[in-house]
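Chains as they are written, first to last, in the numbering used here: chain A, 3 to 203; chain B, 3 to 203.
Note that beta-carbon positions come from the ideal geometry of N, C-alpha and C, so glycine has one too.
Notes follow once the structure below has been shown.
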DNA sequence: GTCTATAAAGGGATAGAC
DNA sequence: GTCTATCCCTTTATAGAC
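As structure tokens, then:
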């Protein structure tokens, strides 16, 4: 019995998603260069050749993944913007979410590990929807929020670029090594409080 | 006219150093997996084959480099320990040095970029003198200094592991993206002050 | 001690059967 | 739509001349 076109679409979509998901973990674990297409195929549970019916190259999987992740980062930012809270509170929510998400959902960490690859393969920026790290949605949101907090007098009055860079370092460092918080049974709430302490007026 | 044995030793040492230096930049720029031995040879100004007379494999260059860097990190820490200053001052000096060194000497950044590769090739830890990132000398020094500062009442009284992790994130993030401070003409002194503000009692 | 040339292996990408 | 088998290029590592 032949498959309906709709069924075919569903199958194709499912396979593509599987491959992307496999790519995310394989790239995050090994890095772009060391990741093997055979690993991705295996992790996705499909044959080696099938990967190439959905993606033309290893790079393309990587690029598509990162663009998808930028998109969901945009959604996250939209949610955060909808919250009617003070700038300082918003910073607190962002970092709390960053830290607690880590526990439940490893995607955030994988996301950063992928972005980190761009440090070693900068030519890929050309193929991405977002052209530099400053344009990353969460990064942008933090920057705006800092400026708002300075206007409202909640946040310390130094060059907001300096603050956002420092917060960016924390986010970057955390996302790369955040699992250690939980391995060592530390309280992420304390760490967020330290951050707030640093920028509160 | 034949070379003396001493001269030979000098040549060999020089060549080895050249290759290591080339390896540092090539690995830092491209990552371990994407770095090519031919790139290292070219950067070192020697023939492809010669690299293998001094090192048995690409991995070995990488391992030797990292071990050398750990050693100089140890020296740096010894110097910092010799300074007779308060714990809080010491933290300030460490981060100031971290930030200003960046300007003059890129080795620090390259060092971190190499260490970062271990995230993607964790099996290499087995071949290193230092067995995990917590044992990295500067990291250790910060940890000790935080505890001293808590005893002397200068530094905020929360789990020192939490503080040191956060400071570690900053150092990691900075070393990966620190060049941006200078690209954007920011004042690194302000950033150090923020860090102190965060941990000062 | 240094080079060029070559062997050997690994992995990305494709062809073609089912 | 999916698979297996194969091509082919890149890169590691070695051999052997100078």
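Spatial distance of residue i from residue j (CA atoms)
i: residue 88 (chain A); j: residue 122 (chain B); result: 39 Å
i: residue 105 (chain A); j: residue 57 (chain B); result: 42 Å
i: residue 189 (chain A); j: residue 164 (chain B); result: 8 Å
i: residue 42 (chain B); j: residue 21 (chain B); result: 7 Å
i: residue 14 (chain B); j: residue 107 (chain B); result: 26 Å
i: residue 27 (chain A); j: residue 131 (chain A); result: 21 Å
i: residue 53 (chain A); j: residue 33 (chain B); result: 25 Å
i: residue 160 (chain B); j: residue 199 (chain A); result: 13 Å
i: residue 155 (chain B); j: residue 101 (chain A); result: 28 Å
i: residue 50 (chain A); j: residue 39 (chain A); result: 7 Å
i: residue 137 (chain B); j: residue 194 (chain A); result: 25 Å
i: residue 47 (chain B); j: residue 63 (chain B); result: 16 Å
i: residue 6 (chain B); j: residue 19 (chain B); result: 20 Å
i: residue 146 (chain A); j: residue 86 (chain A); result: 15 Å
i: residue 2 (chain A); j: residue 93 (chain A); result: Outside the displayed span of chain A (3 to 203) sits residue 2 (chain A), for which this structure offers no information.
i: residue 61 (chain A); j: residue 169 (chain B); result: 34 Å
i: residue 91 (chain A); j: residue 16 (chain A); result: 39 Å
i: residue 68 (chain A); j: residue 153 (chain A); result: 34 Å
i: residue 8 (chain A); j: residue 55 (chain A); result: 19 Å
i: residue 141 (chain B); j: residue 191 (chain B); result: 21 Å
i: residue 162 (chain A); j: residue 186 (chain A); result: 33 Å
i: residue 70 (chain A); j: residue 133 (chain A); result: 14 Å
Contact belief for residue i with residue j at Cβ below 8 Å, rounded distance in angstroms
i: residue 157 (chain B); j: residue 203 (chain B); result: 6 Å
i: residue 65 (chain B); j: residue 82 (chain B); result: Not a contact, Cβ separation roughly 26 Å.
i: residue 110 (chain A); j: residue 117 (chain A); result: That belief does not hold up - the Cβ atoms of residue 110 (chain A) and residue 117 (chain A) are roughly 11 Å apart, past 8 Å.
i: residue 84 (chain A); j: residue 139 (chain A); result: Rounded, the Cβ-Cβ distance is 14 Å, inconsistent with contact.
i: residue 112 (chain B); j: residue 30 (chain B); result: 4 Å
i: residue 183 (chain B); j: residue 167 (chain A); result: 7 Å
i: residue 201 (chain A); j: residue 97 (chain A); result: The Cβ separation is near 11 Å, so there is no contact.
i: residue 143 (chain A); j: residue 79 (chain A); result: 5 Å
i: residue 45 (chain B); j: residue 35 (chain A); result: With 8 Å as the limit, residue 45 (chain B) and residue 35 (chain A) do not qualify as a contact, their Cβ atoms being about 18 Å apart.
Coil, strand or helix - residue i by DSSP
i: residue 157 (chain B); result: strand
i: residue 133 (chain B); result: coil
i: residue 203 (chain A); result: coil
i: residue 111 (chain B); result: helix
i: residue 180 (chain B); result: coil
i: residue 173 (chain A); result: helix
i: residue 1 (chain A); result: This structure does not reach residue 1 (chain A), given that chain A is present from 3 up to 203, and the question cannot be answered.
i: residue 146 (chain A); result: helix
i: residue 138 (chain B); result: coil
First through last residue of the alpha helix (DSSP H) which encompasses residue i
i: residue 75 (chain B); result: 60–84
i: residue 57 (chain A); result: Run containing residue 57 (chain A): none; DSSP gives neither H nor E here.
i: residue 46 (chain A); result: 39–46
i: residue 187 (chain A); result: First-last for residue 187 (chain A): undefined, no H or E at that position.
i: residue 16 (chain B); result: 7–32
i: residue 124 (chain B); result: First-last for residue 124 (chain B): undefined, no H or E at that position.
Residue i: CB within 8 Å of a non-hydrogen atom of the ligand ADP
i: residue 172 (chain B); result: Looking at this structure, you won't find the ligand ADP or any other ligand, since it has none at all.
Query raised in the report: Within the chosen definition, does the segment 164–184 of chain B reach the segment 175–186 of chain A through at least 3 CB pairs nearer than 8 Å?
Result: At 8 Å Cβ cutoff, the stretches touch.
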